[in-house]
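Following this note's numbering, the numbering of the sequence shown begins with 111 at its first residue and continues without gaps.
All C-beta atoms in this analysis are idealised placements derived from N, C-alpha and C, irrespective of residue type, glycine included.
Reviewing the structure listed below.
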Amino acid sequence: MKLEKRLKLHMKNAEKVFAEASNFLVRCQIIEPYVEKGTLYGCVCPWEIVQSAEENALPILEDFHDTLEAIWVWTHYAKISGREEYKPHIEWAWNYTAKNWKRFISQKPLHADKCLYDCAHLLNAGTFYEKVFHDEKMRQLIETAGNHIADHLSRFPSPEPREYSDPFWMTTCLAYAAKHVKKPKWRETAKKYLKNQILGKEKPFSSIESEPRHRGPGGHDFFSKNANKALALMESFPSELRVKQMLVENFLPTTPKGFITRHADENAFNAHVATALGKAYKLTGEAKFLERYFAVLDELDGRMRGGGIKRSPEFPLRESWATYFYVNAYASVL
């Protein structure tokens, strides 16, 4: 199928994909019949909630950033469909967030913990929610999260940390929010960090296929460092010709031509790579980005089941956060 026709079909199917993912995420939300009230009400569990050993049931677990990711998906469905049937689920999730954020986002966040990752997702979900629903009820939390990340990046942290502590993911989310909430200082902070860590480097990217791989039990491996660099550049310098050239000349040669097998979280990792490929195509118009995007996404499509996806084939259940990574990739070319 020609790329142009493939892209049109992709766009045509977007509402269906987001509806299925949104419905799956309802299965992950901690509401009735699991709880009727209390601390966890409205929170989104990392995996689908099932009730029998035959279904590989896992304990119901609280997860702050997974809740924010679900808000983003439900909000995106409302945007592309014009319908609000998942609005109650968004409200329950925001109520949980408002009541519990201080347990996850401390006044003095440590650079190595999950606090800044939570801040990044609060910027993503909160800003997008404001744009779609024209509701600023979470603005104070958005500003708190953005100020934490801006303070962290202004200290020019090492570019080496991965996963929850990846500074390029934080930079992406800060630059994204800065445009909507009109925080030019946040945007300047993002730009200064990237000028220091990427722009001007002789080799700003490395091979995605050669990135470190997590081995053994425990831990995560959901982010591509190189994809995060590309996303940060695109969000911070969307109109600069040198960034478009860097994406084509330096980033494209490092990207895979198809799905990459990983030891852990391979579905999430590949979806994240696809997000960067999709956005790079949108910004540059370079067809090779779109070819590689669909090569990755086609494999992920085959692994989706009932609107949800596992982090990797060996995990027993479909997961809320991995599903967010997939639909975020799907949306990157819309």
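From the DSSP output, in three-state form, read off I419 for me. Within the sequence shown, residue 419 is the residue found at index 309, counting from 1. I419: strand per DSSP, three-state reduction.
Considering only residues of the segment 332-381, which uninterrupted alpha helix (DSSP H) runs meet the minimum length of 4 residues and lie entirely inside it, listed in chain order? 335-346 and 351-356
Return the CA-CA distance between K289 and L309, expressed in angstroms with no decimal places. In the sequence shown, the residue the question calls residue 289 occupies position 179. In the sequence shown, the residue the question calls residue 309 occupies position 199. Each residue's alpha carbon lies about 21 angstroms from the other.
Note down the Cα distance separating G256 from A340, rounded to an integer number of angstroms. Here residue 256 is taken as the residue at index 146 of the sequence shown, counted from 1. Here residue 340 is taken as the residue at index 230 of the sequence shown, counted from 1. Between G256 and A340, the C-alpha separation is close to 20 angstroms.
Roughly how many angstroms lie between the CA atoms of D276 and R352, to the nearest whole one? Here residue 276 refers to the residue found at position 166 of the sequence shown. Here residue 352 refers to the residue found at position 242 of the sequence shown. Distance between the alpha carbons of D276 and R352 is about 24 angstroms.
As a quick exercise: from N123, I140, C229 and L171, pick the residue whose alpha carbon is nearest that of E201. As a working mapping, residue 201 is identified with position 91 in the sequence shown. It is I140.
Please name the residue, chosen from K305, S317 and L233, that lies closest to A337 on a Cα-to-Cα basis. Translated into positions along the sequence shown, residue 337 becomes position 227. The candidate whose alpha carbon is nearest that of A337 is S317.
Considering only their Cβ atoms, is the gap separating E345 from A285 smaller than 8 angstroms? Taking the sequence shown and counting its residues from 1, the one referred to as residue 285 is at position 175. Taking the sequence shown and counting its residues from 1, the one referred to as residue 345 is at position 235. For A285 and E345, yes; Cβs fall inside 8 angstroms.
Tell me whether P156 is buried or exposed, calling it buried when 16 or more other Cβ atoms sit within 10 Å of its Cβ. Counted from its first residue, the sequence shown places residue 156 at position 46. When all chains shown are included, P156 counts as buried.
Inter-residue CB distance, K197 and A188 (contact presumed, cutoff 8 angstroms): Sequence index remark: in the sequence shown, residue 197 carries index 87 (1-based). Sequence index remark: in the sequence shown, residue 188 carries index 78 (1-based). Correct: roughly 7 angstroms between the Cβ atoms.
Are there 16 or more other CB atoms within 10 angstroms of the CB of M111, so buried, or fewer, so exposed? Residue numbering aside, residue 111 sits at position 1 when the sequence shown is read from its first letter. Exposed, since its Cβ has fewer than 16 Cβ neighbours within 10 Å.
So the alpha helix (DSSP H) I259 belongs to, where does it begin and stop? The sequence position of residue 259 within the sequence shown is 149, counting from 1. Residues R249 to S264.
For P322, tell me which candidate among N306, I370, E125 and S349 has the shortest Cα-Cα distance. By one-based count along the sequence shown, residue 322 stands at place 212. The shortest C-alpha separation from P322 is found at I370.
Grab me the residues of W177's own chain with a C-beta within less than 7 angstroms of its C-beta, minus the 5 sequence neighbours each way, in chain order. As a first step, residue 177 must be located in the sequence shown, where it is residue number 67. Rather than Trp, the amino acid found at residue 177 in this sequence is Thr. Excluding positions up to five away in sequence, the list reads C153, V154, A203, Y206 and T207.
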